[in-house]
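Undergrad: Mind looking over this structure? Questions follow.
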Amino acid sequence: MSTLDSAEVAVVGAGVVGAAIARDLAAHGVDTAWLEAGEDVGAGTTKANTAIWHTGFDAKPGTLEAQLVARGYERLIDLAPALEVPARADGAVLVAWDAEQADALEGILAQAETNGYHDCRRLDAAEVYAHEPRLGAGAHGGVLVPGEGLLCPFTLPLALGRQALAGGVRLHLRAGVEHAPREQGPDGRARHRLHTSRGAVTARYVVNAAGLASAAVNRLLGHEGFTITPRRGQLLVFDGLARHLVRHVILPVPTARTKGMLVAPTVHGKLLVGPTAEDLDDTTATATTAEGIAALTRWARAVVPALAEEEPIAAYAGLRAATEHRDYQLFAAADEGYVCVGGIRSTGLSSCLGIAEHVLGQLAACGLEHDAPRELPPVRLLGPVGASGQPGAPPYLGDDRPRPCQDPAAVASDPSYGRVVCHCERVSAGELHAALADPLLPARDGDGLRRRTRAGQGRCQRFHCGARVDALLAEGRP
Amino acid sequence: MSAVPPHAAAADTGGGAVAAAAARSAGSVPTRRPDVLVIGGGPAGLACAAELARAGAAVELADRDATLGGVPATTAHRGFGEGLRRGATGPQHAHRLVTEAERAGASLRTETSVLGWADAGDAGDAGDAGDGGDGAWAERATTTVEVTGPTGRERLAPAAVVLATGCRERPRHARLIPGDRPAGVLTTNQVQQVATRHPGGAAAVGRRAVILGAEHVSFSAVHTLASLGCETAALITDLPRHQTLAPLRLATAGVRGVPVRTSTRLTGIHGHGRVEGVTVRPVGATRSEEIACDTVVVTGDWVAEHELARRGGLVLAASTGAPRVDRALRTTRPGVFAAGNVIHPAETAAVAAAGGRAAARAVAAFLTSEAREGADAAGAGLATRWRTAELPVTTAWPLQWVAPDALGLAGEVPSVVDTAVLRTAAVVEGRLVVSQDRRVLWRSRRQRLVPNRSLRVPLPDLEHLDPTGGRVEVRVSRRG
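Spelled out as structure tokens, the structure:
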């Protein structure tokens, strides 16, 4: 089999966790090959989550997950602006809907303290309604978690990936690992040989960040210890016209198995309800179900009755990489140069930068030598909306800044930013062009274009723009 | 019929607050003051602009698309037009309407997106001198909107606004259809745009489609799909019968032998990457059936394109999301009128155009009455004379909605609509009855009422009504 790449470190998986690891390896000047079985960065479990920026206040104390979520949260405070990732700490209100749940609130406060999160505050019922005036009747009290926030699950992996690529990481898409034997390298030292559908990649060190496939990749590398039980989460999205109904992330009291269904705004200015939690055995079962949608609709109306008047604009399902264990499956086989990052069930978006830092430490313990961290080039946004006007850069997707079509300076700089193609989300031809022409991570399909620009993500669901956007994609340019 | 609360300005992220902030931070955005701004360049907007221009108003029409004409401009089949000219194709008809508006002197602008209404602080700026393009009644601007396009950001502060934003088909997720999210789930309009305007998007249309819906547009979709080399496996409707006219059904599905599966629900869409099939289940049955297909077209079930109406705080009808209008086609926001399929989703292009012309008459009267009275500037003076929410018209099951859904009190603006359009949700035999406080004002002959088909009742004259009485109700009487 032909050799596709040869590197010091191979990172398997281009979800948000793999992207953060690749980005940190680039920052440390490590020669890195980055492998992804799918077509794009951030297109698996990463794209279909609740888009919450977790503080880790409710994590199981003492776990690696608790530690890395907290660390990831902290790192992102500094990195989000440099990465131009929409991230907002609007806070969460955890609501107890009966007396029994209200009794659990003290325990939740104590758990937050144990986790090193000290900002939580007990709310009585009146305070809950003062924070969330549109909440349905029956709240017995709650907990305010001021640091909980919202993240853009589309931009974060892409921005991390762009920085990794700008820092010299080589990304290989459609390169799923099929076999992973050890072999002797030309220098006489042992190394990994990862056979993929596109050729072999040799590497001294392998990081397994393969998400739902992490248990399978773990076995290919000769390890056992965990299996993945995909946990399906169905979610319902309401239109931006309903965004004003909610101010915070509205959390339920969690159970032993799941954090439960939340109602939350998104950084794109919509409302999200979910996720359900269904244990499955099929890692491709990303279908929504009638029962799931009915449960989500019921929950939405119970938590925010005014949502009964609103139509959902999207329903989707993601699979969390749950295991039989109650913590991340993050371990190193030092003598083999192998680090496993498995079972990152539902908190990967928040913890990815904590995980990446931890993995760098593990790799160093395995013997990887690397430079001191260096500054990576910032992610540049297109046009004068960002700072640079660098061509082929992504637009900012958050609703806290004007879209390019709304910005007089952007339109004056390039009329194509005033040429709106997706009317619901106000995406201009200029942005679509930038996403298609991006030299680092160009959009290759409709879903990729949607995650980079929000085109087609609005209430009409491509009624107006679908044909035109598809035609642009087919041409590869606007 | 209940009212949807207006959208809160504080959370207005799509057009108003953030956009206005951007405009302020970037310095001056020019303001222009046409007499009338018509928003939407479909049949209703074009006909309205033409009529107003003929009446001497400085009228500007803004359409967000690159091509004028609205839905007809993307609909290749024949049957458009009024009277003897009914044989036109959609694009021919659209071209005719555009030419008519241009000749009349309306200023027609494409790729011009109305982002939202300037907030209260911005509305105060409307008193300033304009930056050109002022119309004769421009000093009495009632509202200010934010606009963008390739030539830049602008504000328009007209004396009257006509919303003619049309409607769209309710998409898959709003219908709560579960399953996978593969490529190949489309609406009719997307298929039509591939056929008429964006052939590059043809990959979205496969070889074998299942169509959800059995109303006029659903059968039109059979035809359009066939023109793109895609056969139709079946039309699916949960209603007990199709809802189109027999000749249209025959000419599209009939001649191709396409089955219409009535009283059947679409219960799932399957496929990874691309649609592989759907699951259907007869109403009341427990057993489902799979139909293999690579395309699903979700048709009809029209909803008003109401974003601007909602952002402007207009009262909307809960069933359609359409802005409430009275028989002068006035919305609940002073100075703002609405016409066409945004108030009755969806009628034919001819009905929409007639509505646009009717709105033009009301707007013209509004402008001149203001001038005659030497009216005060926008604000309280206007608001007190703008009493559109008076005398609501409501429907009772199985009727779904009626437009106009208010009569409005007589004032300086004449009644321009003498019939109301309505829909039934269920197939039913009976008479349509218009009444006020159980006093019958009008009764139709006995007929079969079919969902998704246009139904009409005359609007009662105000002199036949008790102005202090209750609401006017339209219902179905199954007796007699």
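Chains A and F, in that order, give the protein sequences.
The opening position of the first sequence corresponds to residue 1 in the numbering used here, with each subsequent residue numbered one higher.
The opening position of the second sequence corresponds to residue 479 in the numbering used here, with each subsequent residue numbered one higher.
Even for Gly, the Cβ is constructed at its ideal location relative to N, Cα and C.
Apart from the five residues on each side of it in sequence, which residues of its chain come closer than 8 Å, Cβ to Cβ, to THR3 of chain A?
TA: Correct list, in chain order: GLY199, ALA200, VAL201 and THR202.
Undergrad: Identify the continuous beta strand (DSSP E) that holds PRO8 of chain A and give its terminal residues.
TA: According to the sequence as given, residue 8 of chain A is Glu; it is not Pro. Note, GLU8 of chain A: beta strand (DSSP E), 3-12.
Undergrad: Using a Cβ-Cβ cutoff of less than 8 Å, which residues in the same chain neighbour ARG949 of chain F once the five nearest sequence positions on both sides are dropped?
TA: Hits under 8 Å: LEU869, PRO870, VAL871, THR872 and GLN914.
Undergrad: Starting from TYR73 of chain A, follow the alpha helix (DSSP H) in both directions and report where the run begins and ends.
TA: Looking at the DSSP string, the run of the alpha helix (DSSP H) that includes TYR73 of chain A is 64-83.
Undergrad: By the 10 Å Cβ neighbour count, where 16 or more other Cβ atoms means buried, how is GLU624 of chain F classified, buried or exposed?
TA: With 16 or more Cβ atoms within 10 Å of its Cβ, GLU624 of chain F is classed as buried.
Undergrad: Just how far apart, CA to CA, sit ILE463 of chain F and ARG462 of chain A?
TA: Lying outside 479 to 958, the shown extent of chain F, residue 463 of chain F is not represented and no answer is given.
Undergrad: ILE517 of chain F lies in the beta strand (DSSP E); which residues open and close that run?
TA: Run containing ILE517 of chain F: 514-517, per the beta strand (DSSP E) assignment.
Undergrad: Check whether the Cβ atoms of THR509 of chain F and THR622 of chain F sit closer than 9 Å, and answer yes or no.
TA: For THR509 of chain F and THR622 of chain F, yes; Cβs fall inside 9 Å.
Undergrad: Counting contacts by CB-CB distance shorter than 9 Å, is GLU768 of chain F in contact with chain A?
TA: It does not; no Cβ of chain A falls within 9 Å.
Undergrad: On the three-state DSSP scale, how would you describe GLY38 of chain A?
TA: The answer is coil: DSSP assigns GLY38 of chain A none of H, G, I, E or B.
Undergrad: Tell me which same chain residues have a C-beta within less than 6 Å of the C-beta of ALA139 of chain A, skipping the five on either side of it?
TA: Hits under 6 Å: VAL95, ALA125 and VAL128.
Undergrad: Measuring only from the beta carbon, is HIS179 of chain A closer than 8 Å to any heavy atom that is part of the ligand GDP?
TA: Judged by which ligands are present, the structure shown has none, so any question about the ligand GDP falls away.
Undergrad: Quick one: what does DSSP say TRP488 of chain A is sitting in, helix, strand or coil?
TA: In this structure chain A extends from 1 to 478, so residue 488 of chain A is not present and cannot be described.
Undergrad: Considering THR702 of chain F, what are the terminal residues of the alpha helix (DSSP H) in which it resides?
TA: Taken as a continuous stretch (DSSP letters only), the alpha helix (DSSP H) holding THR702 of chain F covers 694-705.
Undergrad: Does any residue of chain F have a CB that is nearer than 9 Å to the CB of GLN461 of chain A?
TA: True, the Cβ-Cβ gap to chain F drops below 9 Å.
Undergrad: Can you tell me which of F:ALA527, F:ILE689 and F:ALA817 puts its alpha carbon nearest to the alpha carbon of ALA704 of chain F?
TA: Ranking F:ALA527, F:ILE689 and F:ALA817 by Cα distance to ALA704 of chain F puts F:ILE689 first.
Undergrad: So, at 7 Å on beta carbons, what are the nonlocal neighbours of ALA306 of chain A in its own chain, with the 5 sequence-adjacent residues on each side left out?
TA: Cβ within range, chain order: ARG134 and LEU245.
Undergrad: Does the beta carbon of LEU792 of chain F come closer than 9 Å to any beta carbon on chain A?
TA: Not an interface residue.
Undergrad: Could you list the residues in the segment 796-819 of chain F with a C-beta less than 8 Å from some C-beta on chain A, going in chain order?
TA: Under the 8 Å Cβ criterion, the segment 796-819 of chain F contributes ALA796.
Undergrad: Going along the chain, which residues of its own chain have a beta-carbon closer than 6 Å to the beta-carbon of ALA904 of chain F, five neighbours each way excluded?
TA: Correct list, in chain order: PRO876.
Undergrad: Cβ closer than 8 Å: which chain A residues qualify as neighbours of HIS676 of chain F?
TA: Result: ALA467, ARG468, ASP470 and ALA471.
Undergrad: Give the residues from the segment 700-731 of chain F that approach chain A closer than 9 Å (Cβ to any Cβ), ordered along the chain.
TA: Cβ contacts with chain A: none found.
Undergrad: For GLY458 of chain A, collect the residues of the same chain with a Cβ closer than 8 Å to its Cβ; drop the 5 residues on either side in sequence, then sort them by chain order.
TA: Excluding sequence neighbours, GLY458 of chain A sits near ASP239, GLY240, ILE313, CYS422, HIS423, CYS424 and GLU425.
Undergrad: So is ALA314 of chain A in contact with chain F if we call contact Cβ pairs under 9 Å?
TA: Judged by the 9 Å Cβ criterion, ALA314 of chain A is in contact with chain F.
Undergrad: Nearest to TYR73 of chain A by alpha carbon, out of A:TRP34, A:ALA20 and A:ALA48?
TA: Here the closest residue by C-alpha is A:ALA20.
Undergrad: Name, in chain order, the residues that DSSP records as bridge partners for PHE844 of chain F.
TA: Paired residue(s): none; PHE844 of chain F is not in a bridge.
Undergrad: Report the rounded CA-to-CA distance for ALA601 of chain F versus GLY813 of chain F, giving the unit in angstroms.
TA: The predicted model places ALA601 of chain F with a pLDDT of 33, which falls under 50 and marks its position as unreliable; any figure quoted below should be read in that light. Straight-line Cα distance between these residues: approximately 13 Å.
Undergrad: Which residues of chain F have a Cβ atom closer than 7 Å to the Cβ of ILE293 of chain A, listed in chain order?
TA: Those are LEU654 and PRO656, listed as they occur along chain F.
Undergrad: Which bits of chain A does ARG650 of chain F rub up against, with CB to CB less than 8 Å?
TA: Simply GLN461.
Undergrad: CYS771 of chain F and ALA837 of chain F: beta carbons closer than 9 Å?
TA: Taking 9 Å as the Cβ cut-off, CYS771 of chain F and ALA837 of chain F do not qualify as a contacting pair.
Undergrad: Does ALA824 of chain F come within less than 9 Å of chain A when only Cβ atoms are used?
TA: No, because no Cβ of chain A sits closer than 9 Å to the Cβ of ALA824 of chain F.
Undergrad: Whole angstroms is fine: what's the gap from ALA317 of chain A's alpha carbon to ASP279 of chain A's?
TA: For ALA317 of chain A and ASP279 of chain A, the distance between alpha carbons rounds to 13 Å.
Undergrad: What is the DSSP secondary structure of ASN115 of chain A, reduced to helix, strand or coil?
TA: Correct three-state label for ASN115 of chain A: coil.
Undergrad: Going along chain F, which residues have a C-beta under 8 Å from ALA412 of chain A?
TA: Those within 8 Å of ALA412 of chain A in chain F are GLY630.
Undergrad: Straight-line CA distance for ARG734 of chain F to GLU709 of chain F?
TA: Their Cα atoms are separated by approximately 9 Å.
Undergrad: Within a Cβ cutoff of 8 Å, which residues of the same chain sit near LEU490 of chain A, ignoring the five residues on either side of it in sequence?
TA: Nothing about residue 490 of chain A can be reported from this structure: the residues present for chain A run from 1 to 478 only.
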